[in-house]
Amino acid sequence: MSIMFLHILYLVAITAEAMTAALAAGRRRMDWVGVCLLGCVTALGGGSFRDVLLGHHPLVWVEHPLYLLVTAGAALATIPIARLMRRLRALFLMLDAVGLVAFTIIGCNVALALDEPVIVVIVAGMITGAAGGVLRDILCNDIPLLFRRELYASVSIVTGALYLAGLNLGLPHDPVMLAAMAIGLAMRLLALRFDWHMPKFVYTETLH
Amino acid sequence: MSIMFLHILYLVAITAEAMTAALAAGRRRMDWVGVCLLGCVTALGGGSFRDVLLGHHPLVWVEHPLYLLVTAGAALATIPIARLMRRLRALFLMLDAVGLVAFTIIGCNVALALDEPVIVVIVAGMITGAAGGVLRDILCNDIPLLFRRELYASVSIVTGALYLAGLNLGLPHDPVMLAAMAIGLAMRLLALRFDWHMPKFVYTETLH
Amino acid sequence: MSIMFLHILYLVAITAEAMTAALAAGRRRMDWVGVCLLGCVTALGGGSFRDVLLGHHPLVWVEHPLYLLVTAGAALATIPIARLMRRLRALFLMLDAVGLVAFTIIGCNVALALDEPVIVVIVAGMITGAAGGVLRDILCNDIPLLFRRELYASVSIVTGALYLAGLNLGLPHDPVMLAAMAIGLAMRLLALRFDWHMPKFVYTETLH
Numbered sequence: 001m002s003i004m005f006l007h008i009l010y011l012v013a014i015t016a017e018a019m020t021a022a023l024a025a026g027r028r029r030m031d032w033v034g035v036c037l038l039g040c041v042t043a044l045g046g047g048s049f050r051d052v053l054l055g056h057h058p059l060v061w062v063e064h065p066l067y068l069l070v071t072a073g074a075a076l077a078t079i080p081i082a083r084l085m086r087r088l089r090a091l092f093l094m095l096d097a098v099g100l101v102a103f104t105i106i107g108c109n110v111a112l113a114l115d116e117p118v119i120v121v122i123v124a125g126m127i128t129g130a131a132g133g134v135l136r137d138i139l140c141n142d143i144p145l146l147f148r149r150e151l152y153a154s155v156s157i158v159t160g161a162l163y164l165a166g167l168n169l170g171l172p173h174d175p176v177m178l179a180a181m182a183i184g185l186a187m188r189l190l191a192l193r194f195d196w197h198m199p200k201f202v203y204t205e206t207l208h
Numbered sequence: 209m210s211i212m213f214l215h216i217l218y219l220v221a222i223t224a225e226a227m228t229a230a231l232a233a234g235r236r237r238m239d240w241v242g243v244c245l246l247g248c249v250t251a252l253g254g255g256s257f258r259d260v261l262l263g264h265h266p267l268v269w270v271e272h273p274l275y276l277l278v279t280a281g282a283a284l285a286t287i288p289i290a291r292l293m294r295r296l297r298a299l300f301l302m303l304d305a306v307g308l309v310a311f312t313i314i315g316c317n318v319a320l321a322l323d324e325p326v327i328v329v330i331v332a333g334m335i336t337g338a339a340g341g342v343l344r345d346i347l348c349n350d351i352p353l354l355f356r357r358e359l360y361a362s363v364s365i366v367t368g369a370l371y372l373a374g375l376n377l378g379l380p381h382d383p384v385m386l387a388a389m390a391i392g393l394a395m396r397l398l399a400l401r402f403d404w405h406m407p408k409f410v411y412t413e414t415l416h
Numbered sequence: 417m418s419i420m421f422l423h424i425l426y427l428v429a430i431t432a433e434a435m436t437a438a439l440a441a442g443r444r445r446m447d448w449v450g451v452c453l454l455g456c457v458t459a460l461g462g463g464s465f466r467d468v469l470l471g472h473h474p475l476v477w478v479e480h481p482l483y484l485l486v487t488a489g490a491a492l493a494t495i496p497i498a499r500l501m502r503r504l505r506a507l508f509l510m511l512d513a514v515g516l517v518a519f520t521i522i523g524c525n526v527a528l529a530l531d532e533p534v535i536v537v538i539v540a541g542m543i544t545g546a547a548g549g550v551l552r553d554i555l556c557n558d559i560p561l562l563f564r565r566e567l568y569a570s571v572s573i574v575t576g577a578l579y580l581a582g583l584n585l586g587l588p589h590d591p592v593m594l595a596a597m598a599i600g601l602a603m604r605l606l607a608l609r610f611d612w613h614m615p616k617f618v619y620t621e622t623l624h
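Given below as structure tokens:
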């Protein structure tokens, strides 16, 4: 059951990620091809990056090329409805948060199936959750938001750590997974609501 | 015969890609090492990126390191003759277009040999044809031209789709390949000549 | 003995790389998560990039996740002591140079163990030594310093070439390695001291 549930969350999340990436493309006046590509890279890039680093082939979209069509289609469909999306701002921030914790759990499970050490499992979850947005920002020629913004990678790390801790305590899988996702989701939404930030490191001298 | 023909086109194309990348390096005042590296990454990066995503090892330049010398040499040789190249502008745009369709067919063939699904074969062709230029633009700190410019990725998709369609219809390989390349090439050159563009998506509001 | 020596140099080098990356993060006002991530990517990214290109799994930090903690910890520890680091400028430039030659030798050895051709071995050394800094610059939204700066990639190429030449002449391993590292280190420090540069290629016309 939990697999089916995760799979539905995954489809919702890649759709939402592709749509917000399409808006980022529109802000840089990209053409329709750029909109499609940025949507695919943002939605599927985190999982692909994880699999390339872990040597885990075939990549998700190579095995299930339908996901390419889903994300490219979602990105394209965003163009005519872009004006409506401003009103749906809260919904999309919510879906992005759901995607972050769902991607994290999925990434942890890939690394667990490969018998990776605990730290690598948590890193795999974080890469799955957050690297798509980093690739989007690099392609848009921005400093990745992840490195500067409110709690995001840290939400992923907390979610993954709670999930692993629960499993290692021998607790049943589904409740552990749902609890870790719920706590991560709450943390992310509270951070958005109350504008929580990690402290910044500001350094103004030049070493080189 | 068609293999030999493709191989010659490949050598011409990586040379031309390395030379135009060298000019891009010169526009950013890179040093000679940067010129060499940008030439190699641009010419060989698309195929390498495809192989890393498909888990297809060894990479082309690992198996044939001579290609590294060819591209690095072509990039360096561009420095003394850069002034002449302005007059050869039309030739280099032509060679770039030839490279795009040749890389596309080569990339499709790599994915076909791995028995990948149709969509993945077309994506593999597009990555081979277009990703080198994306890497060049990222290293030059630009938003990739691919995401904003005239028909480029779309030419690659059309070329790959025609090639696959012909093969699936049971038509003989060489004429299908030549026809797909000729149509792709014509499409690219017409796009350059008549300034055809994909429609742009312009979005000016901020979601986050 | 030489393995133990290289291993100690490696630990010193990833620590120093993570600390200078943390300063780069501070200059872009990244938050603490960004500081950690940029430290890890800079220190471990060159070796990871090499291994992904060579299809050599597991990556170093997947096999030894402790290195992730070392580099993340070193990056974080830089925050409170950043003011002191200005006085240690010479020390960190020295450690960076040591890291460059140590990473180069380590990268060459990985490729040698995979029986790669000579050119690929030298390129593997250069990627190990220099790619971490390129990734850092891309994430900081700069044109990579490597492509514009004083001798850096060229030091790595010279170090790797001398190392291979010595081994191919049948000379004993440890003296060859130490000599190649010493010459590379001297070249890098002299380049810093006397402001040696590669010639630049400056091109001001537009091809496209």
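Residue numbers (our numbering), protein chains in the order written: chain X, 1 to 208; chain G, 209 to 416; chain Z, 417 to 624. Every residue, glycine too, gets a C-beta built ideally from N, C-alpha and C.
Worksheet item: When we look at the beta-carbon of D467(Z) and count the other beta-carbons within 10 Å, is it buried (16 or more) or exposed?
Response: For the purposes of this step, residue 467(Z) is taken as the residue at position 51 of the third sequence. When all chains shown are included, D467(Z) counts as buried.
Worksheet item: By a C-beta neighbour count over all protein chains shown, 10 Å radius and 16 as the cutoff for buried, is H184(G) buried or exposed?
Response: Residue 184(G) lies beyond the residue range present for chain G, which begins at 209 and ends at 416; the question has no answer from this structure.
Fill in: Any chain X beta carbon closer than 8 Å to A411(G)
Counted from its first residue, the second sequence places residue 411(G) at position 203. Rather than Ala, the amino acid found at residue 411(G) in this sequence is Tyr. Closer than 8 Å to the CB of Y411(G) there is at least one CB belonging to chain X.
Item to complete: Give a yes or no on whether the C-beta atoms belonging to M406(G) and D31(X) are separated by under 8 Å.
Response: Working through the second sequence from its first residue, we reach residue 406(G) at position 198. Working through the first sequence from its first residue, we reach residue 31(X) at position 31. In this structure, M406(G) sits near D31(X), with a CB-CB distance shorter than 8 Å.
Worksheet item: According to the Cβ coordinates, are S256(G) and L551(Z) closer than 8 Å?
Response: The sequence position of residue 256(G) within the second sequence is 48, counting from 1. The sequence position of residue 551(Z) within the third sequence is 135, counting from 1. Their beta carbons are not under 8 Å apart, which means S256(G) does not touch L551(Z) by this criterion.
Item to complete: Flag this pair as yes or no: are the beta carbons of G337(G) and L308(G) separated by less than 8 Å?
Response: Position 129 of the second sequence, counted from the start, is the residue given in the question as residue 337(G). Position 100 of the second sequence, counted from the start, is the residue given in the question as residue 308(G). Yes.
Practice prompt. Using the Cα positions of I157(X) and C456(Z), report the straight-line distance between them to the nearest angstrom.
Written response: The residue given as residue 157(X) occupies position 157 in the first sequence. The residue given as residue 456(Z) occupies position 40 in the third sequence. Whole-angstrom Cα-Cα distance: 15 Å.
Worksheet entry | DSSP state of D259(G) mapped onto helix, strand, coil | Counting from one through the second sequence, the residue named residue 259(G) turns up at place 51. Three-state DSSP puts D259(G) in a helix.
Discussion item. So, under 8 Å CB-CB, C524(Z) and L578(Z) are touching, yes? Tell me the CB distance rounded to an integer number of Å.
Written reply: Here residue 524(Z) refers to the residue found at position 108 of the third sequence. Here residue 578(Z) refers to the residue found at position 162 of the third sequence. Taking the Cβ atoms as the reference, C524(Z) lies roughly 10 Å from L578(Z), outside the contact range of under 8 Å.
Fill in: Distance CB(R28(X))-CB(G450(Z)) smaller than 8 Å
The residue labelled residue 28(X) in the question sits at position 28 within the first sequence. The residue labelled residue 450(Z) in the question sits at position 34 within the third sequence. The beta carbons of R28(X) and G450(Z) sit no closer together than 8 Å.
Worksheet item: What's the gap between the Cα of A233(G) and the Cα of R396(G)?
Response: Sequence index remark: in the second sequence, residue 233(G) carries index 25 (1-based). Sequence index remark: in the second sequence, residue 396(G) carries index 188 (1-based). CA-CA distance, A233(G) to R396(G), rounds to 24 Å.
Worksheet item: With contact counted as at least three CB pairs below 8 Å, one residue from each stretch, are the stretch 483–502 of chain Z and the stretch 429–437 of chain Z in contact?
Response: In short, these stretches touch, since the Cβ pair count reaches three.
Worksheet item: Got a sec, what are the start and stop residues for the alpha helix (DSSP H) R148(X) sits in?
Response: As a working note, residue 148(X) is residue 148 in the first sequence. Secondary structure note for R148(X): it is in no alpha helix (DSSP H), with a DSSP letter that is neither H nor E.
Worksheet entry | Partners in chain G for M614(Z), counting only beta-carbon separations shorter than 7 Å | Locating residue 614(Z) in the third sequence gives position 198, where the first residue counts as 1. Here the neighbours are D239, W240 and V241.
Worksheet item: G166(X) and A180(X): beta carbons closer than 8 Å?
Response: Locating residue 166(X) in the first sequence gives position 166, where the first residue counts as 1. Locating residue 180(X) in the first sequence gives position 180, where the first residue counts as 1. It is a contact, given that the beta carbons lie within the stated cut-off.
Worksheet item: Residue range of the alpha helix (DSSP H) that C316(G) falls in?
Response: As a working mapping, residue 316(G) is identified with position 108 in the second sequence. For C316(G), the enclosing alpha helix (DSSP H) covers residues R297 to A321.
Practice prompt. Below 6 Å CB to CB, which residues in the same chain sit around T575(Z) once its five sequence neighbours on both sides are set aside?
Written response: Here the question's residue 575(Z) lines up with position 159 in the third sequence. Excluding sequence neighbours, T575(Z) sits near V517, T520, A596 and G600.
Worksheet item: Rounded C-beta distance between P65(X) and P325(G)? I'm assuming under 8 Å.
Response: Reading the first sequence from its first residue, position 65 is the one you call residue 65(X). Reading the second sequence from its first residue, position 117 is the one you call residue 325(G). With a Cβ gap of about 5 Å, P65(X) and P325(G) count as contacting.
Worksheet item: Taking Cβ-Cβ distances shorter than 9 Å, what residues in chain X pair up with I327(G)?
Response: Working through the second sequence from its first residue, we reach residue 327(G) at position 119. Near I327(G) (Cβ distances below 9 Å), the residues of chain X are W61, P65, L66, L68 and L69.
Discussion item. For chain X, check one thing: does any of its Cβ atoms lie closer than 8 Å to the Cβ of V331(G)?
Written reply: As a working note, residue 331(G) is residue 123 in the second sequence. Using beta-carbon distances, V331(G) counts as an interface residue toward chain X, with a partner under 8 Å.
Worksheet item: Does G337(G) come within less than 8 Å of chain Z when only Cβ atoms are used?
Response: Counted from its first residue, the second sequence places residue 337(G) at position 129. With 8 Å as the cut-off, G337(G) does not count as an interface residue toward chain Z.
Worksheet item: How about L320(G) and V331(G): are their beta carbons less than 8 Å apart?
Response: The residue you call residue 320(G) lines up with position 112 of the second sequence. The residue you call residue 331(G) lines up with position 123 of the second sequence. Contact: no.
Worksheet entry | Cross-chain neighbours of G39(X) in chain G, by beta carbon under 7 Å | Walking along the first sequence from the start, residue 39(X) turns up at place 39. Against chain G, a Cβ distance below 7 Å from G39(X) picks out nothing, because the smallest value is about 11 Å.
Item to complete: Classify D382(G) as buried or exposed, calling it buried when 16 or more other Cβ atoms lie within 10 Å of its own Cβ.
Response: Locating residue 382(G) in the second sequence gives position 174, counting from the first residue. Residue environment analysis places D382(G) among the exposed positions, since fewer than 16 neighbouring C-beta atoms fall within 10 angstroms of its C-beta.
Fill in: Min CB distance N168(X) to chain Z below 8 Å
Working through the first sequence from its first residue, we reach residue 168(X) at position 168. Closer than 8 Å: no.
Practice prompt. Assign D553(Z) to one of three DSSP states: helix, strand, or coil.
Written response: Translated into positions along the third sequence, residue 553(Z) becomes position 137. Reduced to three states, the DSSP call for D553(Z) is helix.
Worksheet entry | Residue of V110(X), L38(X) and A97(X) minimising C-alpha distance to A361(G) | As a working note, residue 361(G) is residue 153 in the second sequence. Nearest C-alpha to A361(G): L38(X).
Worksheet item: Of the choices A598(Z), K616(Z) and I522(Z), whose alpha-carbon is the least far from that of L562(Z)?
Response: On the third sequence, residue 562(Z) is found 146 positions in, with the first residue counted as 1. From the listed residues A598(Z), K616(Z) and I522(Z), the smallest Cα separation to L562(Z) is found for K616(Z).
Item to complete: Report the residues of the stretch 136–149 of chain X with a CB closer than 8 Å to any CB of chain Z, ordered along the chain.
Response: Against chain Z - using a Cβ distance shorter than 8 Å - the residues of the stretch 136–149 of chain X are I138, N141, D142, I143, P144, L146, F147, R148 and R149.
Worksheet item: In angstroms, rounded to a whole number, what distance separates the CA positions of R89(X) and I335(G)?
Response: If you number the first sequence from 1, residue 89(X) lands on position 89. If you number the second sequence from 1, residue 335(G) lands on position 127. Cα-Cα distance, rounded: 33 Å.
Practice prompt. Return helix, strand or coil for D590(Z), following the three-state DSSP convention.
Written response: Counting from one through the third sequence, the residue named residue 590(Z) turns up at place 174. D590(Z): helix per DSSP, three-state reduction.
Discussion item. Alpha carbons only, please: which of V60(X), L23(X), C140(X) and V110(X) is nearest the one belonging to R83(X)?
Written reply: Stepping through the first sequence from its first residue, residue 83(X) is reached at position 83. Checking every option, the nearest Cα to that of R83(X) belongs to L23(X).
Worksheet item: For L207(X), which residues from the same chain have a beta carbon less than 8 Å from its beta carbon, with the 5 sequence-adjacent residues on both sides left out?
Response: As a working mapping, residue 207(X) is identified with position 207 in the first sequence. Per-residue confidence for L207(X) stands at a pLDDT of 49, beneath the threshold of 50, marking its modelled position as unreliable; no derived number is given.
Fill in: Sub-8 Å separation of Y10(X) and I143(X) beta-carbons
Here residue 10(X) corresponds to residue number 10 of the first sequence, with the count starting at 1. Here residue 143(X) corresponds to residue number 143 of the first sequence, with the count starting at 1. The beta carbons of Y10(X) and I143(X) sit no closer together than 8 Å.
Worksheet item: Taking Cβ-Cβ distances below 7 Å as the criterion, which residues of the stretch 254–269 of chain G are in contact with chain X?
Response: Near chain X, meaning a CB-to-CB distance below 7 Å, the residues of the stretch 254–269 of chain G are V260, L261, L262 and G263.
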